[in-house]
Structures are given as C-alpha cells and as structure tokens.
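Read through the structure below, which is laid out as structure tokens, and then see the notes.
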Amino acid sequence: MSIEISIGTIEDVVLIDAQIPEFTTKTTAEAMRQRLDGKPHLLLIAKQNGMPVGYKLGYALSDSEFYSWHGAVVPDFRKMGIATQLREYQERWAQQQGYGRITVRSMNKFPGMLQLLISSGYQIAGYIDEGSPSKSKILFAKELTRA
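Residue numbers (the numbering used here): 774 to 920.
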C-alpha cells in the first residue's frame with residue numbers, strides 16, 4: 774500500500790471527518806477556517822490512490838509552540854501506520870519551522886490516540902476537567918530539538 778502525504782484542504786478534512794464514527798460532533802469547514810485565520814498552520818492529507826484517508830491539522834500557539842489540533846484516519850485504513858506517518862511529518866515540519874514544542878489534547882474515549890502519543894514520546898502535561906473522565910481532556914507535550 775502506497776500512501777502519499779501532501780498539503781491538503783479543509784474540504785479534504787470535511788470529507789474524511791464524515792467517515793469517522795468516533796466524531797459525534799463534526800467541526801464545520803467554517804469553524805476550521807475561523808480557528809486557523811491569521812495563524813501559521815499545517816494541514817496534511819494522507820491519500821491512497823488519490824483518495825483522502827487521513828489528515829493531521831495544527832497551528833501555532835506561539836513562536837515556540839505548535840498545537841496539533843485535529844487528526845483522523847478512516848477506519849478501513851487504520852493500523853497501517855498512516856497516523857504515524859502524518860505525526861512524523863508534522864513533527865519534522867514543526868521542528869524545521871523553529872517550534873520547540875508540540876502540544877496535543879486527547880480524551881479517554883480515544884485510546885488509540887492516547888497509545889500513539891505515549892509510544893511516540895509525548896508526555897502528559899496537564900488535565901482539563903470537564904466534569905467526567907469521558908469528557909475531560911488530557912494535554913500531551915513533546916519537546917522538539919531545534920533544527
């Protein structure tokens with residue numbers, strides 16, 4: 774299986790999000806545009822045979838910190854290393870841009886993401902209590918070596 778990773782569009786993200794059963798609330802294209810407006814950002818799309826099957830979307834929080842905001846892989850394409858390829862590309866890019874740290878938020882209801890982050894060198898850096906363990910967010914951080 775050959776996966777191509779390239780810069781994508783918000784429309785690609787919307788197409789992929791529609792196929793993600795865990796995303797019970799979908800982020801609209803307009804909400805994404807508003808969140809990214811005026812911020813340095815990176816939107817990566819993974820494609821197989823020209824079809825979008827995964828993405829990773831993040832933006833700058835400051836000159837030194839990059840926030841990995843959204844990401845997903847279509848269920849039929851999971852466990853193939855796509856999320857890892859996207860994460861590694863994003864980390865290399867962030868490092869080349871001079872960011873010293875990447876942060877990510879995730880939740881207990883996404884165990885695959887939690888495992889990926891921990892196995893990839895991300896450390897728990899905080900907890901946002903939303904009233905229950907299933908709704909609360911775990912903040913992860915990874916320090917990058919300056920390029």
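Glycine included, each C-beta is placed from N, C-alpha and C at the ideal position.
- Return helix, strand or coil for Tyr872, following the three-state DSSP convention. Position 99 of the sequence shown, counted from the first residue, corresponds to residue 872. Looking at Tyr872 - three-state DSSP - the assignment turns out to be coil, as it is neither helix nor strand.
- Message: Is it buried or exposed, Glu864, if we count other Cβ atoms within 10 angstroms and call 16 or more buried?
- Response: In the sequence shown, counting from the first residue as 1, residue 864 sits at position 91. Glu864 should be labelled buried.
- Just to confirm, are Lys910 and Ile901 a CB contact at a threshold of 9 angstroms? As a working note, residue 910 is residue 137 in the sequence shown. As a working note, residue 901 is residue 128 in the sequence shown. In contact: Lys910 and Ile901 (Cβ atoms closer than 9 angstroms).
- Message: Within 8 angstroms, do at least three Cβ pairs link the segment 831-840 to the segment 865-874?
- Response: Touching, per the Cβ criterion.
- Query: Is the segment 775-795 close to the segment 815-822, with three or more CB pairs under 8 angstroms?
  - Reply: Cβ pair count under 8 angstroms is three or more, so yes.
- Message: If distances are taken between C-alpha atoms only, which option among Ile776, Leu890, Val846 comes closest to Glu916?
- Response: Sequence index remark: in the sequence shown, residue 916 carries index 143 (1-based). If we check each option's Cα against that of Glu916, Leu890 comes out closest.
- Query: From Asn822 to Asp785, what does the alpha carbon distance come to, in whole angstroms?
  - Reply: Mapped onto the sequence shown, residue 822 falls at position 49. Mapped onto the sequence shown, residue 785 falls at position 12. Roughly 14 angstroms separates the two Cα atoms.
- Item | DSSP state of Ile783 mapped onto helix, strand, coil | Against the sequence shown, residue 783 aligns to sequence position 10. DSSP places Ile783 in helix when its eight states are reduced to three.
- Message: If I measure Cβ to Cβ from Tyr832 and keep anything under 8 angstroms in the same chain, skipping five residues before and after, which residues do I get?
- Response: To locate residue 832, count along the sequence shown from 1; it is residue 59. Excluding its 5 nearest sequence neighbours in each direction, Tyr832 has C-beta neighbours in its own chain below 8 angstroms: Arg808, Leu809, Lys812, Pro813, His814, Leu815, Phe839, Tyr840, Trp842, listed in chain order.
- Item | Beta-carbon proximity check, Tyr828 vs Ala804, cutoff 9 angstroms | The count along the sequence shown starts at 1 and reaches residue 828 at position 55. The count along the sequence shown starts at 1 and reaches residue 804 at position 31. Contact annotation: Tyr828 and Ala804 have beta-carbon atoms that are not nearer than 9 angstroms.
- Message: Less than 8 angstroms separating the Cβ of Gln821 from some heavy atom of the ligand COA?
- Response: The model depicted lacks the ligand COA and carries no ligand whatsoever.
- Phe830 versus Gly904 - alpha carbon distance: Here residue 830 refers to the residue found at position 57 of the sequence shown. Here residue 904 refers to the residue found at position 131 of the sequence shown. One detail in the question is off: residue 830 reads as Leu in this sequence, not Phe. So the alpha carbons of these two residues sit roughly 27 angstroms apart.
- Message: Spatial neighbours of Glu777 within its chain, please: C-beta separation below 6 angstroms, excluding the five flanking residues on both sides.
- Response: Position 4 of the sequence shown, counted from the first residue, corresponds to residue 777. Answer for Glu777: Lys820, listed in chain order.
- Message: Checking the sheet assignment: what are the DSSP bridge partners for Ile776?
- Response: On the sequence shown, residue 776 is found 3 positions in, with the first residue counted as 1. Looking at the DSSP output, Ile776 sits in a beta bridge with Gln821.
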